[in-house]
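Report on the structure given below.
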Amino acid sequence: MYFESVQRQSKQIFDNIDILFDSIPENEFSSIKGGFQTWKNFYHCIHSLDKNFIDPTSYQEPDFHEKNMDVMYLETPRILSKSELYEYYSSVKKKVSDYLSNLTDTKLIEIIVLNNNEYTRLELILAQLRHVFYHVGYIHCCLKIENGDTPEYIGLYKRIPDK
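Counting the sequence shown from 1 gives a position; the working numbering is that position plus 43.
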């Protein structure tokens, strides 16, 4: 029952990330929006979902990841293109979707120990949803400032059909 709410909210965040990918052209992914490189903001958000949504204690960095690549305010020699980011995003989205399809209320209350602290799976998921919604909103605000408008936002009262 509760797992279904988690599934709906997770779908909503992925729908919003899809909209942002569609709204920003390839040549703007290396531009600065709100003080940060656009590609870094996307990577930070996607990497966090990848690392923390399911189980951060068993996480393996992607092969292309370099130290500090996920830290928005630090420069890195490697810069990811929109297509590279989208490919990574698609793999994370599938991984999370597969995880969510097997989620149950019982699994939501399972404990994961991270840095000597106990978290339920639900806490990890909620923390990631909050984190990603923040970044989606941040990018939306940057687009509003730049363009005077934002892409269509998917919220609680506006749902889009399943893809």
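Heads up, the beta-carbon is just placed ideally off N, CA and C, and yes, glycines get one too.
Where residue i sits in the DSSP three-state scheme
{"i": "N160", "result": "strand"}
{"i": "K110", "result": "coil"}
{"i": "Q80", "result": "strand"}
{"i": "I155", "result": "strand"}
{"i": "I89", "result": "helix"}
{"i": "I11", "result": "Limits of the chain in this structure are 44 at one end and 206 at the other, which puts residue 11 out of reach."}
{"i": "I182", "result": "helix"}
{"i": "I75", "result": "strand"}
{"i": "R51", "result": "helix"}
{"i": "T105", "result": "According to the sequence as given, residue 105 is Pro; it is not Thr. Here P105 sits in coil by DSSP."}
{"i": "Y116", "result": "coil"}
{"i": "L123", "result": "coil"}
Contact under 8 Å by Cβ, residue i with residue j
{"i": "F96", "j": "L146", "result": "no"}
{"i": "Y86", "j": "L151", "result": "no"}
{"i": "Y45", "j": "D192", "result": "no"}
{"i": "Q171", "j": "S101", "result": "no"}
{"i": "I89", "j": "Y132", "result": "yes"}
Buried versus exposed call for residue i [16 or more other C-beta atoms within 10 Å across all chains shown]
{"i": "R164", "result": "buried"}
{"i": "Q55", "result": "buried"}
{"i": "N103", "result": "According to the sequence shown, residue 103 is Gln rather than Asn. Classification for Q103: exposed."}
{"i": "I188", "result": "exposed"}
{"i": "K110", "result": "exposed"}
{"i": "C184", "result": "exposed"}
Rounded C-alpha distance that separates residue i from residue j
{"i": "Y200", "j": "V156", "result": "Its pLDDT being 48, under 50, Y200 is placed unreliably by the model, and nothing is read from it."}
{"i": "R121", "j": "E69", "result": "16 Å"}
{"i": "D106", "j": "Q50", "result": "28 Å"}
{"i": "K138", "j": "K94", "result": "11 Å"}
{"i": "D141", "j": "S53", "result": "12 Å"}
{"i": "K206", "j": "S124", "result": "Confidence is the limiting factor: at K206 the pLDDT is only 48, short of 50, which leaves the residue's position unreliable, though a coordinate-based value still follows. Computed Cα separation, rounded: 25 Å."}
{"i": "I182", "j": "D65", "result": "13 Å"}
{"i": "E195", "j": "R173", "result": "19 Å"}
{"i": "E161", "j": "P99", "result": "12 Å"}
{"i": "S144", "j": "S134", "result": "15 Å"}
{"i": "S48", "j": "T119", "result": "37 Å"}
{"i": "H108", "j": "F79", "result": "18 Å"}
{"i": "S126", "j": "N190", "result": "23 Å"}
{"i": "N159", "j": "L169", "result": "19 Å"}
{"i": "K83", "j": "I154", "result": "31 Å"}
At least 3 beta-carbon pairs within less than 8 Å: the region 59-78 vs the region 172-182: Taking one beta carbon from each stretch, the region 59-78 and the region 172-182 have 3 or more pairs nearer than 8 Å; the two touch.
Segment contact flag, the region 104-120 with the region 65-76, C-beta cutoff 8 Å, min 3 pairs: With a cut-off of 8 Å, the region 65-76 and the region 104-120 do not count as touching, because too few Cβ pairs lie within range.
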